[in-house]
Amino acid sequence: MARLLEVDNLHVTFETYAGKVHAVRGVSFTLNKGETLAIVGESGSGKSVTAQSIMRLIPSPPGKITEGRILFEGDDLVQASKKKMLRIRGSKIGVIFQDPMTSLNPTMTVGKQIMEGLIWHQKINRHEAQKRALEMLRLVGIPNPEQRFHQYPHEFSGGMRQRVMIAMALASDPKILIADEPTTALDVTIQAQILELMQEIQKETETAIILITHDLGVVAEVAQRVAVMYGGKIVETGEVEEVFYRSRHPYTWGLMASMPRLDQRRDQELEPIPGTPPDLYDPPPGCPFADRCPYAMFICHEQMPETTQVSPTHQVACWLEDPRATPVNKEVKVNIR
Amino acid sequence: MLRYVVKRILLMLLSLWVIATLTFVLMKSIPGDPFTSEKKLPEQTLKNLMAHYHLDKPLPTQYLIYMKNLANFDLGFSIKSSTRSVNEIIADGFPVSAQLGIQAILIALILGIIMGSTAALRHNRLPDYAIMVLAVIGISIPSFVLAPFLQKYIGWQWDLLPIAGWGDFTHTILPSIALAFLPLALVTRLMRSSVLDVQGQDYIRTAQAKGLPPVRVFTHHILRNAIFPIITIMGPLVAGILTGSFVIEKIFSIPGLGKRFVEDIFNRDYPVIMGVTIFYSAFLILMNFIVDLVYTWVDPRVKLGEREVE
Numbered sequence: 052m053a054r055l056l057e058v059d060n061l062h063v064t065f066e067t068y069a070g071k072v073h074a075v076r077g078v079s080f081t082l083n084k085g086e087t088l089a090i091v092g093e094s095g096s097g098k099s100v101t102a103q104s105i106m107r108l109i110p111s112p113p114g115k116i117t118e119g120r121i122l123f124e125g126d127d128l129v130q131a132s133k134k135k136m137l138r139i140r141g142s143k144i145g146v147i148f149q150d151p152m153t154s155l156n157p158t159m160t161v162g163k164q165i166m167e168g169l170i171w172h173q174k175i176n177r178h179e180a181q182k183r184a185l186e187m188l189r190l191v192g193i194p195n196p197e198q199r200f201h202q203y204p205h206e207f208s209g210g211m212r213q214r215v216m217i218a219m220a221l222a223s224d225p226k227i228l229i230a231d232e233p234t235t236a237l238d239v240t241i242q243a244q245i246l247e248l249m250q251e252i253q254k255e256t257e258t259a260i261i262l263i264t265h266d267l268g269v270v271a272e273v274a275q276r277v278a279v280m281y282g283g284k285i286v287e288t289g290e291v292e293e294v295f296y297r298s299r300h301p302y303t304w305g306l307m308a309s310m311p312r313l314d315q316r317r318d319q320e321l322e323p324i325p326g327t328p329p330d331l332y333d334p335p336p337g338c339p340f341a342d343r344c345p346y347a348m349f350i351c352h353e354q355m356p357e358t359t360q361v362s363p364t365h366q367v368a369c370w371l372e373d374p375r376a377t378p379v380n381k382e383v384k385v386n387i388r
Numbered sequence: 014m015l016r017y018v019v020k021r022i023l024l025m026l027l028s029l030w031v032i033a034t035l036t037f038v039l040m041k042s043i044p045g046d047p048f049t050s051e052k053k054l055p056e057q058t059l060k061n062l063m064a065h066y067h068l069d070k071p072l073p074t075q076y077l078i079y080m081k082n083l084a085n086f087d088l089g090f091s092i093k094s095s096t097r098s099v100n101e102i103i104a105d106g107f108p109v110s111a112q113l114g115i116q117a118i119l120i121a122l123i124l125g126i127i128m129g130s131t132a133a134l135r136h137n138r139l140p141d142y143a144i145m146v147l148a149v150i151g152i153s154i155p156s157f158v159l160a161p162f163l164q165k166y167i168g169w170q171w172d173l174l175p176i177a178g179w180g181d182f183t184h185t186i187l188p189s190i191a192l193a194f195l196p197l198a199l200v201t202r203l204m205r206s207s208v209l210d211v212q213g214q215d216y217i218r219t220a221q222a223k224g225l226p227p228v229r230v231f232t233h234h235i236l237r238n239a240i241f242p243i244i245t246i247m248g249p250l251v252a253g254i255l256t257g258s259f260v261i262e263k264i265f266s267i268p269g270l271g272k273r274f275v276e277d278i279f280n281r282d283y284p285v286i287m288g289v290t291i292f293y294s295a296f297l298i299l300m301n302f303i304v305d306l307v308y309t310w311v312d313p314r315v316k317l318g319e320r321e322v323e
């Protein structure tokens with residue numbers, strides 16, 4: 052498969068009054084044409100910052116990419132000029148944000164908001180842009196697009212607004228779509244619709260999707276590959292089956308165990324991961340999960356483990372992979388919706 | 014919409030009636046009458062005058078007579094200059110005050126929006142600090158302090174503009190600036206915080222993610238959303254400029270309605286006080302109504318008179 056995007060050793064820090072926050076600490080991953088890569092992790096794990104760095108949309112100051120490369124079509128986006136980024140944003144890489152209720156401009160008609168990017172990027176006239184915008188509205192399944200085109204965001208429901216966001220992000224036919232928790236703010240029934248829609252459109256347009264989420268159910272449903280993020284690092288990455296059924300990292304085990312299962316007895320409680328994520332003001336030198344890890348060894352607190360290649364597609368960063376570690380047998384039960 | 018407008022107009026009339034009544038009561042409770050002066054008038058003359066202006070009748074009767082005339086848009090005649098009706102006095106003075114007021118509002122709005130936006134876009138950098146220092150000065154210095162300064166330096170020492178008086182456009186510049194100073198500072202500060210607020214909104218990030226250049230993001234996405242608070246304070250702002258004009262017109266000896274109003278309060282010229290108060294009130298109430306109408310035009314989410322649950 053053709054490699055579309057390569058993120059290599061990305062570091063992002065935020066300068067705050069309390070000190071420097073190392074939000075992303077050496078993240079590397081690749082994205083291939085037409086595939087869906089899910090980045091999972093809890094709040095503050097650095098997944099959204101990683102996505103925003105690709106677009107160079109982290110607010111700066113205080114945010115700054117301090118190290119690493121983001122290779123896209125032969126260019127390093129970290130070094131790219133502002134002008135070049137303007138041409139890439141919205142035309143080659145599109146984004147859908149989490150909250151459709153606040154992500155649309157309340158004082159501009161939906162049609163105009165879709166057309167705006169088109170006119171800017173593709174240098175087409177209003178008439179053509181309008182035609183394309185209507186086509187997009189139809190594609191994302193908005194009924195009466197001709198009428199809806201002239202309406203304002205407040206006249207749309209949450210699910211419909213997210214469809215508009217998708218139409219907007221895909222209007223210029225981007226190579227990559229970054230979906231930053233696209234279904235978090237929606238009802239469960241609407242969530243399913245939106246995910247289905249994204250998959251359908253992906254089939255048609257062959258857009259690669261980076262899906263950022265904390266919902267493992269969503270991952271199982273739409274992604275081919277998963278990267279699990281914790282404490283600003285990717286701790287495990289692999290194909291969905293590998294990470295869900297043959298996961299090697301205690302954090303992934305914890306995530307799986309804390310997910311409700313259909314075959315679970317009613318009185319059986321969910322198993323939370325004890326403790327809290329690490330303080331990224333002063334990140335620990337070792338594995339960020341060591342403090343919460345039931346299998347943590349002395350070395351885990353001291354030194355970050357190397358990445359181990361489990362299979363050609365499956366990588367994990369954990370000291371348990373070291374031949375000197377005591378073998379752990381953990382049967383992971385997962386339920387995929 | 015039409016129902017709303019009718020309802021609003023009825024409410025406006027009600028507020029006007031309350032204002033008129035209150036002014037009437039307050040005015041009559043000031044000791045003395047229009048004919049109180051050092052030189053005592055002969056008994057019979059005074060009596061005749063009182064009778065002429067219905068001042069010898071009991072208060073409730075006076076009130077009813079006044080209300081009846083008011084309903085016919087007849088504000089009566091000035092007592093001090095008995096040949097002129099209050100309507101004429103307003104017609105003479107108001108255009109002068111209005112010109113000053115409009116110029117001041119334009120200065121405050123245009124400069125304020127530009128300065129406030131500049132400060133926000135250069136947040137925590139030199140232009141921001143410089144503009145904010147100016148704004149704090151503008152809020153702290155009363156116009157009656159600023160006005161003499163302008164007169165002394167620009168009018169007298171550097172001899173650039175007329176010190177006072179009324180004539181051509183050059184006469185309006187200094188008073189307009191003096192009058193605009195406080196509103197300008199208010200608009201600047203409000204615009205700055207509003208732009209900062211809108212900049213942090215999710216939809217601005219969306220606009221940036223579309224790859225729009227910063228200029229377009231500002232003109233098409235930030236500006237329109239940041240301007241709402243400015244429209245909201247337009248009502249109070251107009252009121253502030255009106256009251257400010259009483260002082261400024263006096264300092265620059267401009268024959269506007271404000272100067273006239275202040276003088277007539279000292280003279281206890283009852284019909285003029287009543288008339289001008291009611292006129293100013295009507296004007297303010299109308300401005301507030303216009304602001305509400307403008308809102309529906311600028312913000313598509315605002316629908317007047319419709320109960321909408323979102």
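If you read the protein sequences in the order shown, they are chains A and B.
Just so it is clear: in the first sequence, position 28 is 79 by my numbering, and no numbers are missing.
Just so it is clear: in the second sequence, position 230 is 243 by my numbering, and no numbers are missing.
Yeah, the Cβ is synthetic: ideal placement off N, Cα and C, and Gly gets one too.
These figures come from a predicted structure and were not determined experimentally.
- Residue environment: S132 (chain A) is assigned as exposed (fewer than 16 neighbouring CB atoms within 10 Å of its CB, all protein chains considered).
- Around the C-beta of A69 (chain A), fewer than 16 other C-beta atoms lie within 10 Å, and the residue is accordingly described as exposed.
- Within the region 141-163 of chain B, no residue places its CB atom closer than 9 Å to a CB of chain A.
- Between the region 106-122 of chain B and the region 300-308 of chain B, the count of C-beta pairs closer than 8 Å stays below three; the two stretches do not touch.
- At least one beta carbon of chain A lies nearer than 8 Å to the beta carbon of P313 (chain B).
- The distance from the Cβ of Q244 (chain A) to that of T87 (chain A) is about 17 Å, inconsistent with a contact at the 8 Å cut-off.
- Looking at A:R107, A:F65 and A:F200, the one whose alpha-carbon comes closest to that of L185 (chain A) is A:F200.
- With fewer than 16 other CB atoms across the displayed protein chains lying within 10 angstroms of its CB, S94 (chain B) is exposed.
- In the DSSP assignment, I109 (chain A) falls outside any beta strand (DSSP E) and carries neither an H nor an E.
- F340 (chain A) and Y302 (chain A) have their C-alpha atoms roughly 7 Å apart.
- Using a Cβ-Cβ distance cut-off of 8 Å, the region 157-165 of chain B and the region 236-245 of chain B are not in contact, since fewer than three pairs of beta carbons, one from each stretch, lie closer than that value.
- Residues of the region 211-225 of chain B with a C-beta less than 9 Å from any C-beta of chain A: G213, Q214, D215, Y216, I217, R218, T219, A220, Q221, A222, K223, G224 and L225, listed in chain order.
- By the Cβ neighbour-count rule, F86 (chain B) is exposed, with fewer than 16 other Cβ atoms within 10 Å of its own.
- Under the three-pair Cβ rule at 8 Å, the region 130-150 of chain A does not count as touching the region 312-330 of chain A.
- For Y302 (chain A), the enclosing alpha helix (DSSP H) starts and ends at P301 to A308.
- With the criterion set as a beta carbon lying under 7 Å from some beta carbon of chain B, the members of the region 99-132 of chain A are M106 and L108, in sequence order.
- Q173 (chain A) and R218 (chain B) have their C-alpha atoms roughly 21 Å apart.
- Residues of the region 234-246 of chain B whose Cβ lies closer than 7 Å to any Cβ of chain A, in chain order: H234, R237 and N238.
- Contact fails between the region 297-312 of chain A and the region 97-108 of chain A, because fewer than three Cβ pairs, one in each stretch, are under 8 Å apart.
- Identification of chain B residues near S142 (chain A) by a Cβ-Cβ cut-off of 8 Å yields G224, ordered along the chain.
- For S28 (chain B), DSSP records no beta bridge to any residue.
- According to the DSSP assignment, A341 (chain A) belongs to no beta strand (DSSP E), since it is labelled neither H nor E.
- For S154 (chain A), the nearest beta carbon of chain B is closer than 8 Å to its own beta carbon.
- L137 (chain A) has a beta carbon lying within less than 8 Å of a beta carbon in chain B.
- Among the residues of chain B, those whose CB is under 8 Å from the CB of G168 (chain A) are K223, G224 and L225, following chain order.
- Rounded to the nearest angstrom, the Cβ distance from I264 (chain B) to F157 (chain B) is 6 Å, consistent with a contact under 8 Å.
- For the options A:P157, A:T358, A:S298 and A:F349, the alpha carbon positioned closest to that of V277 (chain A) is the one of A:S298.
- Under a criterion of Cβ atoms nearer than 9 Å, no residue of chain B is adjacent to T288 (chain A); the nearest Cβ is some 25 Å distant.
- For H172 (chain A), at least one C-beta of chain B is nearer than 8 Å to its own C-beta.
- A residue is called buried once 16 or more other Cβ atoms fall within 10 Å of its Cβ, and S189 (chain B) is buried on that count.
- By alpha-carbon distance to C351 (chain A), the top candidate from A:H300, A:S309 and A:Q366 is A:H300.
- A Cβ-Cβ contact shorter than 8 Å links Q213 (chain A) with L237 (chain A).
- In the DSSP assignment, no residue is bridged to T153 (chain A).
- Using beta-carbon distances, V58 (chain A) does not count as an interface residue toward chain B, since no partner is under 8 Å.
- In this structure, D141 (chain B) places its C-beta atom within 8 Å of the C-beta atom of A132 (chain B).
- Here the C-alpha atom of Q57 (chain B) lies approximately 15 Å from the C-alpha atom of T49 (chain B).
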